[in-house]
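Chains as they are written, first to last, in the working numbering: chain A, 724 to 997; chain B, 73 to 329.
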């Protein structure tokens with residue numbers, strides 16, 4: 724060959740470190756900030772003698788978290804199932820609807836304005852109503868809220884992905900006399916995947932918010948939102964804060980799970996390989 | 073049999089006449105360049121041959137078939153200015169895409185991909201993703217993909233327009249080698265006079281407003297062409313001839329008869 728190919732490494736595969744995508748040293752600054760923040764929090768509360776009902780010390784929250792871990796975990800798992808159910812239901816139906824809207828544009832232009840308008844509705848305001856549709860003790864009411872919350876960001880992102888295909892890529896498929904179904908499978912859906920994952924990552928956070936806040940309006944006794952609410956009412960702030968901490972951890976776990984799936988799926992995107 | 077036959081073809085976009093009264097015949101094994109300034113309709117003409125755009129009137133056939141039938145039968149492969157590789161597919165899978173659409177079985181596909189990778193000299197890069205390749209390498213993948221199903225005709229829309237001059241001249245040599253090896257007919261859209269003169273057996277000069285053919289120049293340089301072809305006096309004569317034809321077309325536009 725007349726040209727010497729540039730030395731390019733093949734795409735690296737696998738490995739937990741790959742999945743996380745960064746070396747430990749890259750994480751160090753973030754860890755230092757976290758430790759510093761917690762230390763500052765602890766120190767300021769001790770120095771100014773802040774009352775526990777305003778803000779407990781991190782060490783007290785951590786101790787309570789550990790002491791009540793069985794009760795917490797049972798409540799957390801219950802609520803996590805609601806969030807997961809809502810996430811799956813909402814995201815799944817949003818992706819399906821986006822596929823339909825992208826395939827039949829006329830439907831898209833008829834429905835998208837309402838989808839965008841509906842996206843602006845504070846959906847959490849409906850939580851008391853879904854509690855009356857289903858029993859408040861039932862998971863269904865929270866799954867519904869979480870699903871509706873997840874629905875719109877996934878719908879809008881998926882649709883944007885499906886329609887942001889390079890025109891030349893479509894022209895090329897035309898030159899092969901490819902059918903609509905083949906174009907969807909081979910061009911539109913792969914193009915949309917990074918957009919879909921962006922929507923899904925937003926949705927993970929919303930699912931957890933939907934489930935916990937939904938429970939504030941009434942839920943099963945062993946649910947995380949109910950636990951936080953009742954403990955705060957009886958001035959057990961350490962316990963309430965431990966519940967909030969668990970809600971955060973579960974939300975982050977769901978987010979990281981989707982982010983890991985994204986890295987596995989989008990192996991061709993250079994930024995996820997660095 | 074004539075590969076491309078265009079008769080009295082006209083294309084209008086609303087009020088604008090993009091192409092008017094185009095007649096062109098291209099024989100098997102020819103390498104025909106369409107050259108002209110922006111807006112002369114050369115890319116439009118290429119897309120009409122490929123049935124990606126419909127003409128307003130007149131006819132265009134490929135291998136004696138109407139353009140639509142030729143597209144459905146996959147009688148041509150096309151290469152754009154951007155390589156238009158699918159980011160999520162490796163080099164091998166990009167080349168195999170048209171074969172998948174044509175429902176070739178896995179073994180036949182793999183054999184053909186190997187053959188094409190050899191042809192464009194990308195051995196060792198089969199499992200690379202497009203972002204890992206240079207612009208020239210990407211365009212070679214694009215050419216391999218266009219030729220993978222052995223089309224009689226290769227349509228190229230300024231395929232090297234985005235490359236630097238050095239890479240471009242190297243790719244010109246590569247393309248001539250591939251053209252000889254594959255035996256296909258090429259229609260090549262370009263802005264570059266020297267590229268057209270170096271590559272072609274015939275240069276079709278077009279002029280704008282309305283887009284029309286203002287001259288056809290036979291390039292009788294001996295085959296195969298080499299790096300020294302560019303230094304021959306006759307090459308310069310031909311380049312001059314193409315340039316003058318281009319300016320003539322331009323003057324015709326300035327002073328309408």
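Note that beta-carbon positions come from the ideal geometry of N, C-alpha and C, so glycine has one too.
Within its chain, find whatever has a CB closer than 8 angstroms to the CB of residue 728 (chain A); leave out the 5 residues flanking it on each side and keep chain order. With a pLDDT of 45 at residue 728 (chain A), under the threshold of 50, the modelled position of this residue cannot be trusted, and the question is left open.
Hey, is residue 315 (chain B)'s beta-carbon within less than 7 angstroms of any beta-carbon in chain A? Chain A, which has no Cβ nearer than 7 angstroms to the Cβ of residue 315 (chain B), makes this no.
Would you verify that the beta carbon of residue 886 (chain A) is, or is not, closer than 7 angstroms to some beta carbon of chain B? Residue 886 (chain A) has a beta carbon lying at 7 angstroms or more from every beta carbon in chain B.
Give, in chain order, every residue of the region 911-939 of chain A whose Cβ lies closer than 9 angstroms to some Cβ of chain B. The residues in question are 913, 914 and 916.
Check distances from the C-beta atoms of the region 158-171 of chain B to those of chain A and list, in chain order, the residues that come in under 9 angstroms. Result list: 158, 159, 160, 161, 162, 169 and 170.
Going straight from the alpha carbon of residue 178 (chain B) to that of residue 168 (chain B), what length do you get? CA-to-CA, the gap between residue 178 (chain B) and residue 168 (chain B) works out to about 10 angstroms.
Rounded to the nearest angstrom, what separates residue 776 (chain A) and residue 953 (chain A) at their Cα positions? Residue 776 (chain A) and residue 953 (chain A): Cα-Cα distance of roughly 14 angstroms.
Between residue 74 (chain B) and chain A, is the shortest Cβ-Cβ distance under 7 angstroms, so that the two count as touching? At a cut-off of 7 angstroms between beta-carbon atoms, residue 74 (chain B) makes no contact with chain A.
Counting beta carbon pairs with one atom in the region 80-93 of chain B and one in the region 135-144 of chain B, are three or more of them shorter than 8 angstroms? Short answer: they don't touch.
What residue from B:312, B:254, B:252 and B:267 has the CA that sits closest to residue 235 (chain B)'s CA? A check of alpha carbon separations from residue 235 (chain B) across B:312, B:254, B:252 and B:267 identifies B:267 as the nearest.
Quick one: does the C-beta of residue 878 (chain A) sit closer than 6 angstroms to a heavy atom of the ligand GTP? In the structure on display, the ligand GTP does not appear, and there are no ligands present to speak of.
Please report how far the alpha carbon of residue 945 (chain A) lies from the alpha carbon of residue 904 (chain A), in whole angstroms. Those two C-alpha atoms are separated by around 47 angstroms.
Proximity below 7 angstroms, CB of residue 965 (chain A) to CB of residue 801 (chain A): Contact: no.
Evaluate residue 725 (chain A) with the Cβ neighbour count: other Cβ atoms within 10 Å of its Cβ, from every protein chain shown; 16 or more gives buried, anything less gives exposed. Note on residue 725 (chain A): pLDDT 41, under 50, position unreliable in the model; the coordinate value appears next. So residue 725 (chain A) ends up on the exposed side.
With a floor of 4 residues, list each alpha helix (DSSP H) that falls wholly inside the region 885-921 of chain A, ordered by position along the chain. If we require 4 residues or more, the alpha helix (DSSP H) runs fully inside the region 885-921 of chain A come out as 890-898 and 903-906.
Given 8 angstroms as the limit, is there contact between the region 911-931 of chain A and the region 978-988 of chain A, that is, 3 or more CB pairs closer than that? Flag = yes, the region 911-931 of chain A and the region 978-988 of chain A touch.
May I ask you to verify whether the region 930-949 of chain A touches the region 754-773 of chain A, counting CB pairs closer than 8 angstroms and requiring at least 3? Here the region 930-949 of chain A makes no contact with the region 754-773 of chain A; the two share fewer than three CB pairs at distances below 8 angstroms.
Using only CA atoms, which one of A:865, A:889, A:948 and A:798 lies nearest to residue 806 (chain A)? Measuring from the Cα of residue 806 (chain A), the nearest candidate turns out to be A:865.
Of all Cβ atoms in chain A, is any one closer than 7 angstroms to the Cβ of residue 156 (chain B)? Residue 156 (chain B) counts as touching chain A.
What separation, rounded to the nearest whole angstrom, lies between the Cα atoms of residue 730 (chain A) and residue 248 (chain B)? A caution first: residue 730 (chain A) carries a pLDDT of 44, below 50, which makes its placement in the model unreliable, though a value can still be read off. Distance from the CA of residue 730 (chain A) to the CA of residue 248 (chain B), rounded to the nearest whole angstrom, comes to 26 angstroms.
For residue 321 (chain B), count neighbouring C-beta atoms within 10 Å of its own C-beta (all shown protein chains included) and say buried if the count is 16 or more, exposed if not. Classification for residue 321 (chain B): buried.
Name, please, each residue of chain B whose Cβ falls closer than 7 angstroms to the Cβ of residue 991 (chain A). Taking the beta carbon of residue 991 (chain A) as reference, the chain B residues within 7 angstroms of it are 159, 160 and 201, listed in sequence order.
Can you find the residues in the same chain that come closer than 6 angstroms, C-beta to C-beta, to residue 149 (chain B), ignoring five residues on each side of it along the sequence? If we look at residue 149 (chain B) and ignore the five residues flanking it on each side, its Cβ neighbours are 218, 219, 223 and 226.
Should residue 909 (chain A) be labelled buried (16 or more other beta-carbon atoms within 10 Å of its own) or exposed? Residue 909 (chain A) is buried by the Cβ-count criterion.
Name the chain A residues that come within less than 8 angstroms of residue 124 (chain B), Cβ to Cβ? Among the residues of chain A, those whose CB is under 8 angstroms from the CB of residue 124 (chain B) are 894, 897 and 898, following chain order.
Can you tell me where the beta strand (DSSP E) holding residue 94 (chain B) begins and where it ends? That run of the beta strand (DSSP E) goes 88-98.
For residue 132 (chain B), the residue or residues it bridges with in DSSP: Under DSSP, residue 132 (chain B) shares a beta bridge with B:78.
Of all the CB atoms in chain B, is at least one closer than 7 angstroms to the CB of residue 901 (chain A)? By this cut-off, residue 901 (chain A) is an interface position.
Starting from residue 814 (chain A), trace the beta strand (DSSP E) both ways and give me its first and last residue. In this chain, residue 814 (chain A) is not harboured by any beta strand (DSSP E); it is covered by the alpha helix (DSSP H) spanning 792-826.
Could you tell me whether the region 262-277 of chain B touches the region 236-244 of chain B, where touching means 3 or more Cβ pairs closer than 8 angstroms? The way I'd put it, the region 262-277 of chain B does touch the region 236-244 of chain B; three or more beta-carbon pairs between them come closer than 8 angstroms.
Any C-beta of chain B under 7 angstroms from that of residue 727 (chain A): The predicted model places residue 727 (chain A) with a pLDDT of 42, which falls under 50 and marks its position as unreliable; any figure quoted below should be read in that light. No - not a single Cβ of chain B is within 7 angstroms of the one on residue 727 (chain A).
Suppose you measure from the CA of residue 110 (chain B) to the CA of residue 280 (chain B); what does that come to, to the nearest Å? Taking C-alpha positions only, residue 110 (chain B) is separated from residue 280 (chain B) by approximately 8 angstroms.
Residue 157 (chain B) to residue 989 (chain A), Cα distance in whole Å? Taking the straight line from one Cα to the other gives about 16 angstroms.
Compile a chain-ordered list of the residues in the region 866-890 of chain A whose CB is closer than 8 angstroms to at least one CB of chain B. Result list: 889.
Just to confirm my understanding: we take residue 878 (chain A), look at its own chain, exclude 5 residues before and 5 after, and list those with CB closer than 7 angstroms. What are they? So the qualifying residues of the chain are 817, 820, 821 and 838.
Express the C-alpha separation of residue 978 (chain A) and residue 803 (chain A) in angstroms, rounding to a whole number. If I take the Cα positions, the gap works out to 12 angstroms.
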